[in-house]
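**Q** After the structure tokens below, expect a handful of questions from me.
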Amino acid sequence: MVDFQDLIQTEEYDFLRNNSRLGDRIMLLGLGGSHAYGTCQEGSDIDLRGVTLQQPSDLIGMTRFEQYEDKNTDTVIYGFNKIIRLLLECNPNTCEILGLDKEQYLIQSEWGEELIENRGLFLSKRAIKSFGGYADAQLRRLQNALARDSMAQSERENHILKSVKNALEDFNRRFHTYEKGSIRLYIDQAENPELDREIFVDADFRHMPLRDYNGMMGVMRSVVSDYDRIGKRNKKKDDTHLNKHAMHLIRLFMMAIDILEKGEIRTHRRADLALLMRIRQGGFRQGDNAFSPEFYEILEEYEKRLEEASAATRLPDNPDMDKVGAYVERVNRYVVVGG
27 MVDFQDLIQT EEYDFLRNNS RLGDRIMLLG LGGSHAYGTC QEGSDIDLRG
77 VTLQQPSDLI GMTRFEQYED KNTDTVIYGF NKIIRLLLEC NPNTCEILGL
127 DKEQYLIQSE WGEELIENRG LFLSKRAIKS FGGYADAQLR RLQNALARDS
177 MAQSERENHI LKSVKNALED FNRRFHTYEK GSIRLYIDQA ENPELDREIF
227 VDADFRHMPL RDYNGMMGVM RSVVSDYDRI GKRNKKKDDT HLNKHAMHLI
277 RLFMMAIDIL EKGEIRTHRR ADLALLMRIR QGGFRQGDNA FSPEFYEILE
327 EYEKRLEEAS AATRLPDNPD MDKVGAYVER VNRYVVVGG
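Residue numbers (this note's numbering): 27 to 365.
Structure follows, in structure tokens:
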């Protein structure tokens, strides 16, 4: 078993003490990834996530700081102002920093303790969109990987079309720009001589902001590229990744439901580990390219629970920005002028 306190004292983690943006400025440092969720196995990577105070020059001077990354140790430490912005959107990757068990924090200053105590300030119905969006992306990766290896080319094109349409609908819900035009995606006889059938698009826009158009194209390009990464299959590696995708999909639903039903961020999934580890270890696989009907029944149940939790939650539509603003100002005032 890894002693994480001893680990961060090693030379490999000297940046925690020597970097001018870290050291005594670190508010929080805790476990990330599988060690945070409790789903680690022998050989699992060690990820650390944290928060550090801004420097005065970031607030009243000419410097700008978003986050510090050390790729060698998989450590990411967010600047205070950046993590506040992410928390306000209920970003899953940053919410989990505030939901660790006490012993999972390796550094926790008084400012860090106060940030944890104030985590309720950031919880709102925005979690429905943020966690739902992450879960949808995770499901799409899972479907894409399965489809890539098991579908004929024409079937795969149909599957791509469905995924692109889902992404487009999500873009519509977020940006509501299509009153300025129309777009139609459909399958037809391929013009590419190497293909049987392929996706076509008919589009007509007027006075659409270029950034919105570029964003929409980016969404669709990313979906298509997910399916087009076809090469030699490393079965052991792919199966491991497929199982992890499936596990994280269910975990995202679990965390979202906790937030919406209980107003709690619970990163370590102690009560759910039996199910999550069964998924991770391949307990719901059916052959090389499929998951069992039981897995999809579980997925459907969590989708239903999230829908019900979304309808019944007592969380506000949006965070109370007056309270958040007062808290952030007090922390940053300390940075600039001291106690």
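Ideal placement from N, C-alpha and C gives every residue a C-beta, glycine not left out. Fair warning: this is a prediction, and the values are worked out from it, not measured in the lab.
Return yes when the Cβ of Val350 is within less than 9 Å of the Cβ of Leu85, no when it is not.
**A** For Leu85 and Val350, no; Cβs fall outside 9 Å.
**Q** Roughly how many angstroms lie between the CA atoms of Asp265 and Val357, to the nearest whole one?
**A** For Asp265 and Val357, the distance between alpha carbons rounds to 46 Å.
**Q** Measure the alpha-carbon distance for Ser135 versus Thr293 and round it to whole angstroms.
**A** Taking the straight line joining both Cα atoms gives about 20 Å.
**Q** Going by the DSSP bridge assignment, what does Arg359 pair with across the sheet?
**A** In DSSP, Arg359 forms no bridge with anything.
**Q** Could you check the C-alpha separation between Leu126 and Val354 for me, to the nearest Å?
**A** Cα to Cα, Leu126 sits roughly 22 Å from Val354.
**Q** As a quick exercise: from Arg75, Ala62 and Thr65, pick the residue whose alpha carbon is nearest that of Leu48.
**A** Checking every option, the nearest Cα to that of Leu48 belongs to Arg75.
**Q** Find the nearest neighbour of Leu147 within the set Leu114, Ala163 and Arg167, judged by alpha-carbon distance.
**A** With distances taken between Cα atoms, Leu147 lies closest to Leu114.
**Q** Please name the residue, chosen from Arg359, Thr89, Lys288 and Gln81, that lies closest to Lys151 on a Cα-to-Cα basis.
**A** Cα-wise, what sits closest to Lys151 is Lys288.
**Q** Met53 lies in the beta strand (DSSP E); which residues open and close that run?
**A** Ile52 to Gly58 is the extent of the beta strand (DSSP E) around Met53.
**Q** Using the beta-carbon count (16 or more within 10 Å), is Asp346 buried or exposed?
**A** Exposed: under 16 other Cβ atoms inside 10 Å.
**Q** Touch check for the segment 267-287 and the segment 296-315: three-plus C-beta pairs under 8 Å?
**A** Yes: at least three Cβ pairs fall under 8 Å.
**Q** Where do the N-terminal and C-terminal ends of the alpha helix (DSSP H) with Ile109 fall, by residue?
**A** It spans Phe106 to Leu114 - the alpha helix (DSSP H) in which Ile109 sits, taken as one unbroken run.
**Q** Take Cys116 as the anchor and find which of Asp284, Glu333 and Ser318 has the nearest alpha-carbon.
**A** Selected option, being the one with the closest Cα: Asp284.
**Q** Since I believe Leu165 is in contact with Leu332 (beta carbons under 8 Å), could you give me their beta-carbon distance rounded to a whole number of angstroms?
**A** Going by Cβ atoms, the distance from Leu332 to Leu165 rounds to 12 Å, so no, they are not a contact pair.
**Q** Quick one: what's got a C-beta closer than 6 Å to Gly87's C-beta in the same chain, skipping five residues either side?
**A** Answer for Gly87: no residue qualifies.
**Q** Looking at Leu286 and Ala161, is the spacing between their C-beta atoms short of 9 Å?
**A** Not closer than 9 Å, so no.
**Q** So for Gly364, helix, strand or coil by DSSP?
**A** Looking at Gly364 - three-state DSSP - the assignment turns out to be coil, as it is neither helix nor strand.
**Q** Please say whether Leu132 and Gln31 have beta carbons closer to each other than 9 Å?
**A** In contact: Gln31 and Leu132 (Cβ atoms closer than 9 Å).
**Q** Keeping to the same chain, check which residues put their C-beta closer than 6 Å to that of Pro209; ignore five residues upstream and five downstream.
**A** It is Ile, not Pro, that sits at residue 209 in the sequence shown. Answer for Ile209: Ala229, listed in chain order.
**Q** Which residues share a DSSP beta bridge with Asp265?
**A** BP columns for Asp265 are empty, so no partner.
**Q** Skipping 5 residues on each side, what residues in its chain have a beta carbon closer than 6 Å to that of Trp137?
**A** These residues qualify, in order along the chain: Met53.
**Q** Do you know whose CA, among Val102, Arg340 and Phe106, lies nearest Asp73's CA?
**A** Cα-wise, what sits closest to Asp73 is Val102.
**Q** Per DSSP, Phe41 is paired with what?
**A** Phe41 pairs with nothing; no bridge assigned.
**Q** Pro342: buried (16+ other C-beta within 10 angstroms of its C-beta) or exposed?
**A** Pro342 is exposed by the Cβ-count criterion.
**Q** Which one of Thr65, Ala282, Glu329 and Tyr39 has the shortest CA to CA distance from Thr339?
**A** Nearest option by C-alpha distance: Ala282.
**Q** Tell me the DSSP secondary structure of Arg237 in three-state form.
**A** Helix, per DSSP.
**Q** Do Ile291 and Leu124 count as a contact pair if the criterion is CB distance below 9 Å?
**A** Cβ atoms of Leu124 and Ile291: closer than 9 Å.
**Q** Whole angstroms is fine: what's the gap from Gln35's alpha carbon to Ala337's?
**A** Roughly 47 Å between the two C-alpha positions.
**Q** Taking the alpha carbon of Ile109 as the reference point, which residue from Arg145, Asp100, Glu129 and Thr99 has its own alpha carbon closest?
**A** Closest by alpha carbon: Arg145.
**Q** So Gly56 and Gln80 are supposed to be a Cβ contact under 8 Å. How far apart are they, rounded?
**A** 20 Å between Cβ atoms; not a contact.
**Q** If we count the other Cβ atoms within 10 Å of its Cβ and call it buried at 16 or more, is Thr120 buried or exposed?
**A** Thr120 should be labelled buried.
**Q** Buried or exposed, going by whether 16 or more other CB atoms sit within 10 Å of the CB of His233?
**A** It is exposed - the Cβ of His233 has fewer than 16 other Cβ atoms within 10 Å.
**Q** Looking only at its own chain, which residues have a Cβ that is under 7 Å from the Cβ of Ser60, when we skip the five neighbours before and after it?
**A** Contacts found: Cys66 and Ser70.
**Q** Please identify the residue among Arg277, Pro319 and Ser318 whose C-alpha is closest to the C-alpha of Leu299.
**A** Residue Arg277 is the option with its Cα nearest to Leu299.
**Q** Going by CA-CA distance only, name the one from Glu329, Leu42, Tyr322 and Arg51 that's closest to Gly364.
**A** Looking at the Cα atoms, Arg51 is the closest of the given residues.
**Q** Measuring straight from C-alpha to C-alpha, what distance separates Lys330 and Glu37?
**A** Cα-Cα distance, rounded: 48 Å.
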